[in-house]
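Trainee: If you read the sequences in order, they're chains A and B. The first sequence finishes on residue 923 if you use my numbering, and the numbering steps up by one all the way, no holes. The second sequence finishes on residue 923 if you use my numbering, and the numbering steps up by one all the way, no holes. Even glycine gets a Cβ: it sits at the ideal position worked out from N, Cα and C. Here it is, the structure in full.
Number of protein chains: 2
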Amino acid sequence: MKPIALFILIFLEIPFASHSQSDSLVIRSIYDEALVHGEAYQNLHYLCKNIGARLSGSDASYKAVYWGENLMKSYNFDRVFLQEVMVPVWIRGNEKLEIENLGEVNVLALGGSVSTDGALEGEIIEVTKFEDTKAMDPDVFRDKIIFFNEAMDPRFISTFRAYGACSNQRYAGANRAGELGAKAALVRSLGLGKDSYPHTGSMGYREGVTKVPGAAIGTEDAFRLSQLLSKNKVNAVLSLDCESREDTTSFNVICEIKGSEYPEKIILVGGHLDSWDVGEGAHDDGAGVVQSLEVLRILKKLNIKPRHTIRCVWFMNEENGNRGGKEYARVAKEKNIEHVAAIETDRGGFSPRGFDYDGENEFILDQFQSWKALLEPYGLHQFRRGYSGVDIRPLRDDKIALFGLSPDSQRYFKYHHTAADVFEAVDERELQLGAASMASLVYLIDKYGFPQAIKD
Amino acid sequence: MKPIALFILIFLEIPFASHSQSDSLVIRSIYDEALVHGEAYQNLHYLCKNIGARLSGSDASYKAVYWGENLMKSYNFDRVFLQEVMVPVWIRGNEKLEIENLGEVNVLALGGSVSTDGALEGEIIEVTKFEDTKAMDPDVFRDKIIFFNEAMDPRFISTFRAYGACSNQRYAGANRAGELGAKAALVRSLGLGKDSYPHTGSMGYREGVTKVPGAAIGTEDAFRLSQLLSKNKVNAVLSLDCESREDTTSFNVICEIKGSEYPEKIILVGGHLDSWDVGEGAHDDGAGVVQSLEVLRILKKLNIKPRHTIRCVWFMNEENGNRGGKEYARVAKEKNIEHVAAIETDRGGFSPRGFDYDGENEFILDQFQSWKALLEPYGLHQFRRGYSGVDIRPLRDDKIALFGLSPDSQRYFKYHHTAADVFEAVDERELQLGAASMASLVYLIDKYGFPQAIKD
Numbered sequence: 468m469k470p471i472a473l474f475i476l477i478f479l480e481i482p483f484a485s486h487s488q489s490d491s492l493v494i495r496s497i498y499d500e501a502l503v504h505g506e507a508y509q510n511l512h513y514l515c516k517n518i519g520a521r522l523s524g525s526d527a528s529y530k531a532v533y534w535g536e537n538l539m540k541s542y543n544f545d546r547v548f549l550q551e552v553m554v555p556v557w558i559r560g561n562e563k564l565e566i567e568n569l570g571e572v573n574v575l576a577l578g579g580s581v582s583t584d585g586a587l588e589g590e591i592i593e594v595t596k597f598e599d600t601k602a603m604d605p606d607v608f609r610d611k612i613i614f615f616n617e618a619m620d621p622r623f624i625s626t627f628r629a630y631g632a633c634s635n636q637r638y639a640g641a642n643r644a645g646e647l648g649a650k651a652a653l654v655r656s657l658g659l660g661k662d663s664y665p666h667t668g669s670m671g672y673r674e675g676v677t678k679v680p681g682a683a684i685g686t687e688d689a690f691r692l693s694q695l696l697s698k699n700k701v702n703a704v705l706s707l708d709c710e711s712r713e714d715t716t717s718f719n720v721i722c723e724i725k726g727s728e729y730p731e732k733i734i735l736v737g738g739h740l741d742s743w744d745v746g747e748g749a750h751d752d753g754a755g756v757v758q759s760l761e762v763l764r765i766l767k768k769l770n771i772k773p774r775h776t777i778r779c780v781w782f783m784n785e786e787n788g789n790r791g792g793k794e795y796a797r798v799a800k801e802k803n804i805e806h807v808a809a810i811e812t813d814r815g816g817f818s819p820r821g822f823d824y825d826g827e828n829e830f831i832l833d834q835f836q837s838w839k840a841l842l843e844p845y846g847l848h849q850f851r852r853g854y855s856g857v858d859i860r861p862l863r864d865d866k867i868a869l870f871g872l873s874p875d876s877q878r879y880f881k882y883h884h885t886a887a888d889v890f891e892a893v894d895e896r897e898l899q900l901g902a903a904s905m906a907s908l909v910y911l912i913d914k915y916g917f918p919q920a921i922k923d
Numbered sequence: 468m469k470p471i472a473l474f475i476l477i478f479l480e481i482p483f484a485s486h487s488q489s490d491s492l493v494i495r496s497i498y499d500e501a502l503v504h505g506e507a508y509q510n511l512h513y514l515c516k517n518i519g520a521r522l523s524g525s526d527a528s529y530k531a532v533y534w535g536e537n538l539m540k541s542y543n544f545d546r547v548f549l550q551e552v553m554v555p556v557w558i559r560g561n562e563k564l565e566i567e568n569l570g571e572v573n574v575l576a577l578g579g580s581v582s583t584d585g586a587l588e589g590e591i592i593e594v595t596k597f598e599d600t601k602a603m604d605p606d607v608f609r610d611k612i613i614f615f616n617e618a619m620d621p622r623f624i625s626t627f628r629a630y631g632a633c634s635n636q637r638y639a640g641a642n643r644a645g646e647l648g649a650k651a652a653l654v655r656s657l658g659l660g661k662d663s664y665p666h667t668g669s670m671g672y673r674e675g676v677t678k679v680p681g682a683a684i685g686t687e688d689a690f691r692l693s694q695l696l697s698k699n700k701v702n703a704v705l706s707l708d709c710e711s712r713e714d715t716t717s718f719n720v721i722c723e724i725k726g727s728e729y730p731e732k733i734i735l736v737g738g739h740l741d742s743w744d745v746g747e748g749a750h751d752d753g754a755g756v757v758q759s760l761e762v763l764r765i766l767k768k769l770n771i772k773p774r775h776t777i778r779c780v781w782f783m784n785e786e787n788g789n790r791g792g793k794e795y796a797r798v799a800k801e802k803n804i805e806h807v808a809a810i811e812t813d814r815g816g817f818s819p820r821g822f823d824y825d826g827e828n829e830f831i832l833d834q835f836q837s838w839k840a841l842l843e844p845y846g847l848h849q850f851r852r853g854y855s856g857v858d859i860r861p862l863r864d865d866k867i868a869l870f871g872l873s874p875d876s877q878r879y880f881k882y883h884h885t886a887a888d889v890f891e892a893v894d895e896r897e898l899q900l901g902a903a904s905m906a907s908l909v910y911l912i913d914k915y916g917f918p919q920a921i922k923d
């Protein structure tokens with residue numbers, strides 16, 4: 468059958484080109500349910516206050532897994548299961564940084580860093596751009612502590628762009644320090660604004676490079692340190708007790724509502740259950756976890772019987788390895804499990820602005836954008852190409868429709884990977900609106916699908 | 468000259484129908500200035516922390532006036548002046564509420580309430596809708612304390628609509644209580660979410676009605692009280708020492724950059740300098756005050772020479788009388804001062820979403836909406852009809868273009884008129900983006916005007 472004939476056939480069968488008034492009513496009922504009887508906020512409260520920070524392999528991460536499994540069971544969905552995944556184990560331990568003429572400064576080892584093996588002392592050498600180290604004489608850095616002090620550029624309206632533009636200093640700063648014969652890397656935190664909260668986050672070492680420790684300091688302390696360095700030489704003493712241990716078994720936590728027509732085809736909503744080991748992982752990504760579960764709760768509560776199977780996945784280990792996302796995709800491929808679409812929520816529980824479509828398929832993009840009018844009354848206006856999410860990205864192929872929920876990004880990098888990412892930083896209504904937005908998109912995808920996806 | 472001919476003439480003279488690339492660049496530079504060198508946040512810090520709450524007629528309100536005048540002078544604008552305005556004076560005094568079986572509960576007298584003249588004791592009678600009192604037998608309320616317990620409806624996406632839908636219980640609850648022979652009115656606070664922060668706000672008495680006191684309790688306490696009342700009779704003892712004094716002189720605080728072509732025509736930006744007497748008036752409306760000043764600072768800093776006079780007005784007494792707004796409009800009319808446009812910012816310092824045009828003029832609406840494409844990259848997507856602001860509303864006629872800055876509204880009613888409305892509740896970038904959005908709209912209005920406004 469030729470695409471054009473099929474197009475007509477689908478058109479007659481499913482009114483995907485003109486959405487009925489009933490869609491407006493269903494979407495209205497989804498938002499009403501989220502705003503009046505929402506459970507995402509109370510679930511987040513439990514996760515943050517009774518479990519808290521939950522780095523992969525930590526006791527709290529298992530507590531979160533079993534809490535999640537039980538919570539999902541309590542909603543009486545059609546299926547709840549755990550998917551095994553091997554995760555790295557990294558433990559922070561004690562840490563301390565003393566800077567000459569500044570005194571003791573808040574410091575956080577970057578995730579994956581080696582320890583300092585006792586106190587490490589050295590002179591600090593500042594670079595304001597990661598790339599600058601390439602052009603400079605390596606002798607300058609030998610046996611020094613390199614201070615990567617690139618600031619996030621406040622001019623980006625999307626703070627994620629500002630983050631992306633300088634995150635290499637965090638991810639690869641210690642590796643570069645090792646390559647240059649330096650003793651350690653100190654990194655200006657990837658945060659906007661000025662405060663003394665260090666932001667942790669993942670870092671890596673390239674094979675063959677001498678592993679030296681990497682740690683972050685707050686933007687305010689980075690500013691003060693830079694001022695000192697503009698006048699004098701400055702020494703520092705850094706102690707990090709962190710260590711990496713053997714990989715261990717953990718779990719993705721999954722529940723689903725079976726599809727009535729296409730039970731073997733999946734529409735996935737998800738976020739990641741693990742968090743960094745500071746704060747409470749409230750915005751990152753407790754919010755996404757409870758929002759994605761809320762999608763299924765709302766559909767069930769409203770008695771919406773999906774045609775496709777709607778699956779909520781709480782991925783493990785997004786923060787320092789993405790093992791959960793990779794394993795999920797590996798199994799899906801191995802078992803030939805078809806995913807029509809996947810929507811990730813991992814940019815904080817802020818007021819939703821829209822979704823990003825992560826793919827090259829014009830049919831999907833057109834269909835997605837045709838839904839804008841239905842969702843605009845709820846403040847969603849961004850229906851564009853963009854990034855979906857770390858966890859679902861391994862599912863990417865030319866058929867699946869990957870989306871990322873796009874909330875307002877202005878406040879995210881005040882909290883991201885810091886001790887300040889706590890329950891109180893999340894607003895109830897903003898969280899609820901995000902969940903309702905995802906549930907609405909799931910409803911539309913389930914009802915209308917994507918012409919091309921149906922064709923295949 | 469006929470309108471059609473004039474239209475062509477204007478079209479040749481001013482390229483209002485197609486905006487040049489230079490507009491994009493100017494707008495980009497406006498946002499850059501706000502985000503990189505913005506002073507709104509530091510000014511807000513001063514206003515909140517060194518002056519604080521500043522109800523009309525209070526010592527702090529004068530401190531705010533003179534601080535504002537000096538701050539404006541420090542920017543070397545073309546003109547800074549105070550405009551006298553008579554304002555009401557209301558003083559809170561001590562207050563206490565004890566509810567049987569609940570104990571002492573946080574309470575705030577509503578602004579303008581009479582005192583209780585010592586302790587007032589009575590049985591509480593609940594009504595869940597203000598309007599319900601009309602159909603009920605007045606005898607039910609005689610000598611009782613009426614508890615108006617209508618909740619804000621969480622289903623409204625715009626929280627301002629939820630506010631508007633039940634604000635009569637606050638404004639007119641005590642008046643209704645007086646009409647019904649009740650002793651006092653207790654009002655559930657106009658807040659979303661559940662907490663024990665009472666929200667104050669203005670109330671009024673109709674002439675001839677016996678004045679009885681009105682006070683607010685937090686939503687959580689309202690919930691608990693309602694539960695008690697569903698089982699038993701409940702008495703309460705209320706003491707409010709508040710009093711109204713003679714009107715006194717205060718000031719609108721004004722500065723301007725003179726227009727190069729039309730110095731006699733004004734484009735106004737403004738917010739209100741007064742606040743309620745609890746918290747720090749950070750979102751309401753410290754944010755608006757510093758944002759509107761920031762508009763002029765940005766234009767001057769970027770060396771943008773406006774054709775029209777750009778005036779920043781910090782209105783006095785929006786909260787309990789709107790005397791500043793009314794006096795400003797009265798003087799403008801008396802002196803025949805032409806206002807091309809006025810933009811108010813009084814909905815909190817949250818991420819901007821767009822503007823509301825408050826008028827019936829299709830030319831203005833069309834022109835306004837034609838600018839959407841230029842501002843969408845900055846997250847502005849709402850270019851619609853709506854409300855402008857209390858302070859500038861008295862200027863409304865069929866020529867002036869009135870606009871209200873429309874920020875995301877989800878968090879506003881956590882803080883509005885409460886002790887929680889403090890500096891820390893405002894995000895620096897969200898505040899800056901609002902200021903840049905206003906400056907950009909001012910730039911466009913100044914450059915292109917509105918066809919009809921130019922015609923006149």
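In the DSSP assignment, what are the bridge partners of G589 (chain A)?
Mentor: Per DSSP, A:A703.
Trainee: Leaving out five residues before and five after G648 (chain B) in sequence, what residues of the same chain have Cβ atoms less than 6 Å from its Cβ?
Mentor: Correct list, in chain order: R609.
Trainee: Ignoring anything shorter than 4 residues, give me the alpha helix (DSSP H) runs that lie fully in the stretch 555-622 of chain B, in order along the chain.
Mentor: 599-602
Trainee: Are the C-beta atoms of S837 (chain A) and some chain B residue less than 8 Å apart?
Mentor: no
Trainee: Determine the DSSP secondary structure at I481 (chain A), reduced to helix, strand or coil.
Mentor: Here I481 (chain A) scores only 39 on pLDDT, less than 50, and its place in the model is too uncertain to base an answer on.
Trainee: How do the stretch 503-518 of chain B and the stretch 757-765 of chain B stand: do at least 3 beta-carbon pairs fall below 8 Å, yes or no?
Mentor: yes
Trainee: Between Y638 (chain A) and chain B, is there a C-beta pair that is closer than 8 Å?
Mentor: no
Trainee: In chain order, what residues of the same chain lie with their CB nearer than 6 Å to the CB of R655 (chain B), ignoring the 5 residues before and after it?
Mentor: N616, A689
Trainee: Strictly under 8 Å for the Cβ-Cβ distance: is G660 (chain B) near chain A by that measure?
Mentor: Interface annotation, G660 (chain B): in contact with chain A, CB-CB separation under 8 Å.
Trainee: Tell me the DSSP bridge mates of D823 (chain A)?
Mentor: As computed with DSSP, D823 (chain A) is found in a beta bridge with A:R851, A:G871.
Trainee: Determine whether the beta carbon atoms of K650 (chain B) and V679 (chain B) lie at a separation below 8 Å.
Mentor: yes
Trainee: May I have the straight-line CA-CA distance separating S487 (chain A) from D545 (chain A), to the nearest angstrom?
Mentor: 29 Å
Trainee: Using a Cβ-Cβ cut-off of less than 8 Å, list which residues of the stretch 620-633 of chain A approach chain B; keep chain order.
Mentor: P621, R622, I624, T626
Trainee: Taking Cβ positions only, does V503 (chain B) come closer than 8 Å to chain A?
Mentor: yes
Trainee: So A682 (chain B) is in the beta strand (DSSP E); what residue range does that whole segment cover?
Mentor: 681-684
Trainee: When you compare the CB of M905 (chain B) with every CB in chain A, is at least one pair closer than 8 Å?
Mentor: no
Trainee: Based on Cα-Cα distance, which residue from A:R764, A:H739, A:F718, A:D752 lies nearest to M539 (chain A)?
Mentor: When only C-alpha atoms are compared, the closest one is A:R764.
Trainee: Could you tell me whether any Cβ in chain B is nearer than 8 Å to the Cβ of G816 (chain A)?
Mentor: It does not; no Cβ of chain B falls within 8 Å.
Trainee: Are at least three pairs of beta-carbons, each pair with one atom in the stretch 704-724 of chain B and one in the stretch 859-872 of chain B, less than 8 Å apart?
Mentor: no
Trainee: Give the C-beta separation of S669 (chain A) and Y638 (chain A) to the nearest angstrom, bearing in mind that I take them to be a contact with Cβ-Cβ under 8 Å.
Mentor: 7 Å
Trainee: Please confirm if R851 (chain A) has its CB atom under 8 Å from at least one CB of chain B.
Mentor: no
Trainee: How would you label E811 (chain A), buried or exposed, when you count the other beta carbons within 10 angstroms and need 16 or more for buried?
Mentor: buried
Trainee: If I measure Cβ to Cβ from H504 (chain B) and keep anything under 8 Å in the same chain, skipping five residues before and after, which residues do I get?
Mentor: K768
Trainee: Per DSSP, M553 (chain B) is paired with what?
Mentor: For M553 (chain B), which the question treats as bridged, DSSP gives the partners B:T716.
Trainee: So what does DSSP say about H666 (chain A), is it helix, strand or coil?
Mentor: coil
Trainee: Give me the Cα-Cα distance between N789 (chain B) and V552 (chain B), rounded to the nearest whole angstrom.
Mentor: 10 Å
Trainee: Give the residues from the stretch 841-875 of chain A that approach chain B closer than 9 Å (Cβ to any Cβ), ordered along the chain.
Mentor: E843, P844, Y845, G846, H848, Q849, D875
Trainee: Where S491 (chain B) and L908 (chain B) are concerned, what is the direct C-alpha to C-alpha distance, given to the nearest angstrom?
Mentor: Here the alpha carbons of L908 (chain B) and S491 (chain B) stand approximately 12 Å from one another.
Trainee: Which residues, in order along the stretch 881-901 of chain B, keep a beta-carbon less than 8 Å from a beta-carbon of chain A?
Mentor: From the stretch 881-901 of chain B, only K881, D894, E895, R896, E897, L900 have a Cβ closer than 8 Å to chain A.
Trainee: CB-CB under 6 Å to L564 (chain B), same chain, minus the five flanking residues each way: which ones, in chain order?
Mentor: Within the same chain, L564 (chain B) has close Cβ partners V572, V574, L705.
Trainee: Do you know whose CA, among B:N537, B:D833, B:E710, lies nearest P555 (chain B)'s CA?
Mentor: B:E710
Trainee: Please work out which residues of its chain come closer than 6 Å, Cβ to Cβ, to I867 (chain B), disregarding the five sequence neighbours upstream and downstream, and give them in chain order.
Mentor: So the qualifying residues of the chain are H806.
Trainee: Rounded to the nearest angstrom, what separates H775 (chain B) and Y854 (chain B) at their Cα positions?
Mentor: 24 Å
Trainee: Give me the chain B residues within the contact set of Q877 (chain A), using Cβ-Cβ distance strictly less than 8 Å, ordered along the chain.
Mentor: Counting only Cβ-Cβ distances below 8 Å, Q877 (chain A) has contacts in chain B at S818, D894, R896, E897, L900, in chain order.
Trainee: May I ask you to verify whether the stretch 720-727 of chain B touches the stretch 598-608 of chain B, counting CB pairs closer than 8 Å and requiring at least 3?
Mentor: no
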